[in-house]
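>
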Amino acid sequence: MNEKTLAIGRIVFACILAEIVNFAFVICFSDALQVPLFLDTVGTVAITFYAGLVPGLAVAFAFNVIRTVSFAIAHENAVYPWEMLYFLCGIAIVFCTWIFSRKKDEFRMSIKVTVLYLILISLVSTFASSFVGGAVESLDLIVFEGMAYKSPVESYVKAFLGENISTFISCFIARMPVTMLDRLVCTFAGFLVYVLVTYIERKEEKPA
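And the structure:
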């Protein structure tokens, strides 16, 4: 087996582990403990740091598809492809993470620089994912007269709509506080997962 095949296999395996991390956080914290955050992109952020843009996009897309289908099966509901549009939030997060993290030497110049970069990624991805998510939720409300799935921001959206604020602005603004905290948690946690994985790899590569 040549080196290229091994490298591809390693990335595929890393993507699978990233999906497991995503589902572990969602099931343990969002579903079981009812933490009012999304917490579904820790693995996505980690794989973007580890392997770059394309694996990050693949994990972001696959997570939403698997989540939508498995949720429908578990609750004996029909699968609504519309719900899968929320993968666009993950795509936005991957792009924001990749743009700032692709220059590894600059990113990891010092602990302070790394922390500042992580905060910057969190801020930019908050705006991007809130904008995209707000657009999808606006269409949900217009087309289905209600959100397609249960969301941590649903009550906030209803509050804004009750004040006669436009649908998109209500959905966009309502997502910002929750998404900001979610992005901080997922960005820092994803980076720590990435650091842990690379540390383990370096230890295994050292001669005995």
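Residue numbers (numbering that gives the first Met the number 0): 0 to 207.
Where a beta carbon is used, it is the ideal one built from N, C-alpha and C, also for glycine.
Every value quoted in this text rests on a predicted model; they were computed, and no experiment measured them.
Taking the CB atoms as reference points, tell me whether F281 and L38 lie closer together than 8 Å.
Beyond the ends of the chain as shown, which are 0 and 207, falls residue 281; an answer cannot be given.
> So, are the CB atoms of L87 and V131 less than 8 Å apart?
Along the sequence shown, read from residue 1 onward, the residue named residue 87 stands at position 88. Along the sequence shown, read from residue 1 onward, the residue named residue 131 stands at position 132. Yes, the pair counts as a contact, with Cβ atoms nearer than the cut-off.
> Could you give the first and the last residue of the continuous alpha helix (DSSP H) run that contains D104?
Translated into positions along the sequence shown, residue 104 becomes position 105. Here the alpha helix (DSSP H) through D104 covers K103 to F106.
> Taking the alpha-carbon positions, what's the G51 to S69 distance?
The residue you call residue 51 lines up with position 52 of the sequence shown. The residue you call residue 69 lines up with position 70 of the sequence shown. Roughly 27 Å between the two C-alpha positions.
> Here's a check: name, in chain order, each residue in its chain whose Cβ is nearer than 6 Å to the Cβ of L84, leaving out the five neighbours to either side.
Along the sequence shown, read from residue 1 onward, the residue named residue 84 stands at position 85. V135.
> Return yes when at least one heavy atom of the ligand PLP lies under 7 Å from the C-beta of M179, else no.
In the structure shown, the ligand PLP is absent, as is every other ligand, since no ligand is present at all.
> List the whole-angstrom C-beta distance separating T47 from S100, where the pair is believed to meet the contact cut-off of C-beta under 8 Å.
As a working note, residue 47 is residue 48 in the sequence shown. As a working note, residue 100 is residue 101 in the sequence shown. T47 to S100, Cβ: 7 Å. Contact.
> For L36, which three-state DSSP category applies?
To locate residue 36, count along the sequence shown from 1; it is residue 37. DSSP places L36 in coil when its eight states are reduced to three.
> For a test of the three-state rule: what should DSSP assign to N76, helix, strand or coil?
Within the sequence shown, the letter at position 77 stands for residue 76. Coil, per DSSP.
> V41 and V20 look like a contact to me (Cβ under 8 Å); what is the Cβ gap, rounded to whole Å?
For this step, residue 41 is matched to residue 42 along the sequence shown. For this step, residue 20 is matched to residue 21 along the sequence shown. Contact holds; Cβ gap of about 5 Å.
> With M175 and S129 assumed to form a contact (beta carbons below 8 Å), what rounded beta-carbon distance in angstroms separates them?
Here residue 175 corresponds to residue number 176 of the sequence shown, with the count starting at 1. Here residue 129 corresponds to residue number 130 of the sequence shown, with the count starting at 1. Indeed, because the Cβ distance is near 5 Å, the residues count as touching under 8 Å.
> Would you grab the beta carbon distance between T178 and L140 for me? Rounded to a whole angstrom, and I think it's under 8 Å.
One-based indexing of the sequence shown puts residue 178 at position 179. One-based indexing of the sequence shown puts residue 140 at position 141. Contact flag wrong, Cβ pair sits at about 18 Å.
> Taking all protein chains shown into account, do 16 or more other C-beta atoms lie within 10 angstroms of the C-beta of F256, making it buried, or fewer, making it exposed?
Nothing can be reported for residue 256, as the shown portion of the chain is limited to 0 through 207.
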